[in-house]
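Let me begin by presenting the structure, written as structure tokens, before commenting on it.
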Amino acid sequence: MLLVVLDLVGIAVFAASGALGGVRARLDTFGVVVLGMTTALGGGIIRDVLLGVHPPATLRDWRYLLVPIVTSLVVFWFHPQVAKLRRAVLLADAVGLGLFTVSGTATALAHGVPTYTACLIGMTAGIGGGALRDVLLREIPMVLRKEIYALAALAGAGVVVLGAQLGWPDNPVAVVAAAITVTIRLVALWRRWNAPVARGVSG
Amino acid sequence: MLLVVLDLVGIAVFAASGALGGVRARLDTFGVVVLGMTTALGGGIIRDVLLGVHPPATLRDWRYLLVPIVTSLVVFWFHPQVAKLRRAVLLADAVGLGLFTVSGTATALAHGVPTYTACLIGMTAGIGGGALRDVLLREIPMVLRKEIYALAALAGAGVVVLGAQLGWPDNPVAVVAAAITVTIRLVALWRRWNAPVARGVSG
Amino acid sequence: MLLVVLDLVGIAVFAASGALGGVRARLDTFGVVVLGMTTALGGGIIRDVLLGVHPPATLRDWRYLLVPIVTSLVVFWFHPQVAKLRRAVLLADAVGLGLFTVSGTATALAHGVPTYTACLIGMTAGIGGGALRDVLLREIPMVLRKEIYALAALAGAGVVVLGAQLGWPDNPVAVVAAAITVTIRLVALWRRWNAPVARGVSG
Chain Z
192 MLLVVLDLVG IAVFAASGAL GGVRARLDTF GVVVLGMTTA LGGGIIRDVL
242 LGVHPPATLR DWRYLLVPIV TSLVVFWFHP QVAKLRRAVL LADAVGLGLF
292 TVSGTATALA HGVPTYTACL IGMTAGIGGG ALRDVLLREI PMVLRKEIYA
342 LAALAGAGVV VLGAQLGWPD NPVAVVAAAI TVTIRLVALW RRWNAPVARG
392 VSG
Chain W
192 MLLVVLDLVG IAVFAASGAL GGVRARLDTF GVVVLGMTTA LGGGIIRDVL
242 LGVHPPATLR DWRYLLVPIV TSLVVFWFHP QVAKLRRAVL LADAVGLGLF
292 TVSGTATALA HGVPTYTACL IGMTAGIGGG ALRDVLLREI PMVLRKEIYA
342 LAALAGAGVV VLGAQLGWPD NPVAVVAAAI TVTIRLVALW RRWNAPVARG
392 VSG
Chain G
192 MLLVVLDLVG IAVFAASGAL GGVRARLDTF GVVVLGMTTA LGGGIIRDVL
242 LGVHPPATLR DWRYLLVPIV TSLVVFWFHP QVAKLRRAVL LADAVGLGLF
292 TVSGTATALA HGVPTYTACL IGMTAGIGGG ALRDVLLREI PMVLRKEIYA
342 LAALAGAGVV VLGAQLGWPD NPVAVVAAAI TVTIRLVALW RRWNAPVARG
392 VSG
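The listed protein sequences derive, respectively, from chains Z, W and G.
All residue numbers for the first sequence refer to this note's numbering, where the first residue is 192 and numbers rise by one.
All residue numbers for the second sequence refer to this note's numbering, where the first residue is 192 and numbers rise by one.
All residue numbers for the third sequence refer to this note's numbering, where the first residue is 192 and numbers rise by one.
Dropping the structure here:
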């Protein structure tokens, strides 16, 4: 149950990040909605394809479609000032990353894959939608450019897996794990924790 | 039977749209053929991956490979004047969108997925190949930029699903559904039905 | 056994090509590692998704993750001079193409798909990781731009399939097939065997 809620909230914030990116790229209504949907549903579809869930759960439940469409339309009509669009994309993306990584890891565990595989699939679910959004907008994906992006996802996935190993109750673990990923990502954005660039290239 | 014909004609026109895009981007023979094949086969492969058909039908039948290779080579040698390349890409893309959406929706229904899921998978099959082509050529995909693109696919998928629900004969429904998608898309191109851009961005 | 070795060496060189591309694009440590991993694992994951192997083998075996991470970090710290980065990417990519095409074709045959399908899946495995790397770095994929790229993969896949048909011993065939692909690709790079560009566009 909590997984469905995490998934739906994750879908909403990823849809918002996609729609905001679309407004920034001056797409029209339809483009904004399609980009919002793709960003919101991409990670879950990739997760289900990797797990062999056919057809992907996201394509079977109308709520998974209604949420990103409504979110994208709301963003289209009430988006922030242009100057603040970029910050809004980053914020929504960070929240979506946390929620999807956690729901993806937990879903993978529920399908009986090893914990190691569950971490990787959860991270892919968390990172996938945003990467798709950036590629479609012809930007280098955040996961390649931003400090502490994949690492934030790894932390959340690790907590879910650890909790499952130790038999901790699922729901509190999920909430804590998502909070950890989102917090790491936001602190990184805040502090601009840039990792070093390779010697001799940045100079 | 009609599905195979729709699929093969769809593959030919999508191959043409990819090859024309490749000529426009000044790719050499091999690049044009590879891009034609990717555009032509991408949608069907995505459809089969989502439906859990392994390996994808497109990779098992030599006709599905021969058609896009021959089409791409023909386009490479006899492409229109440079000035008309863009229009030719759009035209071939519109026809491919209609044919693939319809064959994708019907294939999904034949695999027993719910009608709602069949619509989404059919639309993905119709939109996927062209999106792949545009991403590989570093363009923002048409489905994000163009008026009434996803909506045209939705209309065709909806007619297929409606026909199946009401027990109408498959083949006439498929032809009418494809014609509806292609017509909507072409009229949209004709009239440049632009949907509104978000407030405060376009100005 | 040899397949695993080919796969791991292929993963290392593809990771190197991705990491080198990342250094060239001035990504930070994390970006370089993520791009190295994506390039290294992308082809194998696509192969397993097409074959219906769930979850993909690459996500179940820790060696498949350790090798690209270590390789990417080594490249990040000891990459060649900036001026030579491009050549190093091309070289590593050629070796990876050969190894992955061969291991992909052999893996597909081992899953009982027809020889024709095995060739296509093997080529996709060989080409996929590099195409992903280029798309993520916003470059037109090599397979579209470079002389004799897909053809080099086809030659290696063809030899594997031929050897299997004729009952030749697997391991020597695999080594020879990989050597053929790598050699064709390197000779093509050496000679700049450009295929003709379509009439009336290049002028």
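Using N, Cα and C, we set each Cβ at its ideal position, and we do this for glycine too.
A quick note: this is a predicted structure, and the numbers were derived from the prediction, not measured.
State yes or no: is the C-beta of residue i within less than 8 Å of the C-beta of residue j?
i, j, result
"G321 of chain Z", "G287 of chain Z", "yes"
"V258 of chain W", "V214 of chain W", "no"
"A297 of chain Z", "G317 of chain Z", "no"
"F291 of chain W", "G201 of chain W", "yes"
"V240 of chain W", "V240 of chain Z", "yes"
"D198 of chain W", "G227 of chain W", "no"
"I312 of chain G", "G295 of chain G", "yes"
"L256 of chain G", "A365 of chain G", "no"
"I375 of chain G", "I339 of chain G", "yes"
"T249 of chain G", "A203 of chain G", "no"
"R251 of chain W", "T372 of chain G", "no"
If the cut is a Cβ gap below 8 Å, which residues of chain G does residue i touch?
i, result
"G243 of chain Z", "G243, H245, P246"
"L380 of chain Z", "Simply none; closest approach about 14 Å."
With a CB to CB cut of under 7 Å and the five nearest residues on each side skipped, what residues in its chain are close to residue i?
i, result
"D284 of chain G", "S208, G321, M333"
"A445 of chain W", "Here chain W comprises residues numbered 192 to 394, so residue 445 of chain W is not present and cannot be evaluated."
"L323 of chain G", "T229, T230, G233"
"A301 of chain W", "none"
"I260 of chain Z", "V224, M228"
Please state whether DSSP places residue i in a helix, a strand or coil.
i, result
"D219 of chain G", "strand"
"T289 of chain Z", "Note that residue 289 of chain Z corresponds to Gly in the displayed sequence, not to Thr. Reduced to three states, the DSSP call for G289 of chain Z is helix."
"I140 of chain W", "The question about residue 140 of chain W has no answer, for chain W in this structure spans 192 to 394."
"I375 of chain Z", "helix"
"V244 of chain Z", "coil"
"G234 of chain G", "helix"
"L328 of chain Z", "coil"
"R278 of chain G", "helix"
"G303 of chain G", "coil"
"W253 of chain Z", "coil"
"P259 of chain Z", "helix"
"I312 of chain G", "helix"
"P363 of chain W", "helix"
"G358 of chain G", "coil"
"A339 of chain G", "Contrary to the premise, residue 339 of chain G reads as Ile rather than Ala in this sequence. The answer is coil: DSSP assigns I339 of chain G none of H, G, I, E or B."
"M192 of chain Z", "coil"
In its own chain, which residues sit with a C-beta less than 6 Å from the C-beta of residue i, not counting the 5 before and 5 after it?
i, result
"G394 of chain G", "For G394 of chain G, the pLDDT reaches just 33, beneath the cut-off of 50, and the residue's location in the model is therefore unreliable, although a value from the coordinates is still provided. Taken in chain order, the list of residues that qualify is empty."
"A368 of chain Z", "V293, G347, V350, V351"
At the 8 Å Cβ level, is residue i part of the contact set with chain Z, yes or no?
i, result
"L377 of chain W", "no"
"W253 of chain G", "yes"
"A299 of chain G", "no"
"L335 of chain W", "yes"
Within 8 Å of any Cβ in chain W, is that where the Cβ of residue i sits?
i, result
"S393 of chain Z", "Per-residue confidence for S393 of chain Z stands at a pLDDT of 43, beneath the threshold of 50, marking its modelled position as unreliable; no derived number is given."
"V225 of chain Z", "yes"
"R329 of chain Z", "yes"
"L218 of chain Z", "yes"
"I371 of chain G", "no"
"I312 of chain G", "yes"
"G209 of chain Z", "no"
"V196 of chain Z", "no"
Cβ closer than 8 Å: which chain W residues qualify as neighbours of residue i?
i, result
"G354 of chain Z", "Here the premise fails: no neighbours, minimum Cβ distance about 31 Å."
"P363 of chain G", "Here the premise fails: no neighbours, minimum Cβ distance about 27 Å."
Distance cutoff 8 Å, beta carbons only. Does residue i sit that close to anything in chain G?
i, result
"R324 of chain W", "no"
"R277 of chain Z", "no"
If the cut is a Cβ gap below 7 Å, which residues of chain G does residue i touch?
i, result
"T308 of chain Z", "P246, L250, R251"
Can you pull the chain Z neighbours of residue i, defined as C-beta to C-beta under 8 Å?
i, result
"V240 of chain G", "V240, L241"
"P332 of chain W", "L327"
Note down, in chain order, each residue of its chain lying with its Cβ closer than 8 Å to the Cβ of residue i, except the 5 sequence neighbours on either side.
i, result
"A341 of chain Z", "M314, I318, V334"
"V280 of chain G", "S208, L211, G212, R215"
"H270 of chain W", "A210, L211, V214, L276, A279"
"R254 of chain G", "L199"
For a contact meaning CB atoms closer than 7 Å, what does residue i contact in chain W?
i, result
"I260 of chain G", "What I260 of chain G touches in chain W: nothing, since even the nearest Cβ is about 27 Å away."
"A341 of chain G", "F221, V225"
"V304 of chain G", "P246"
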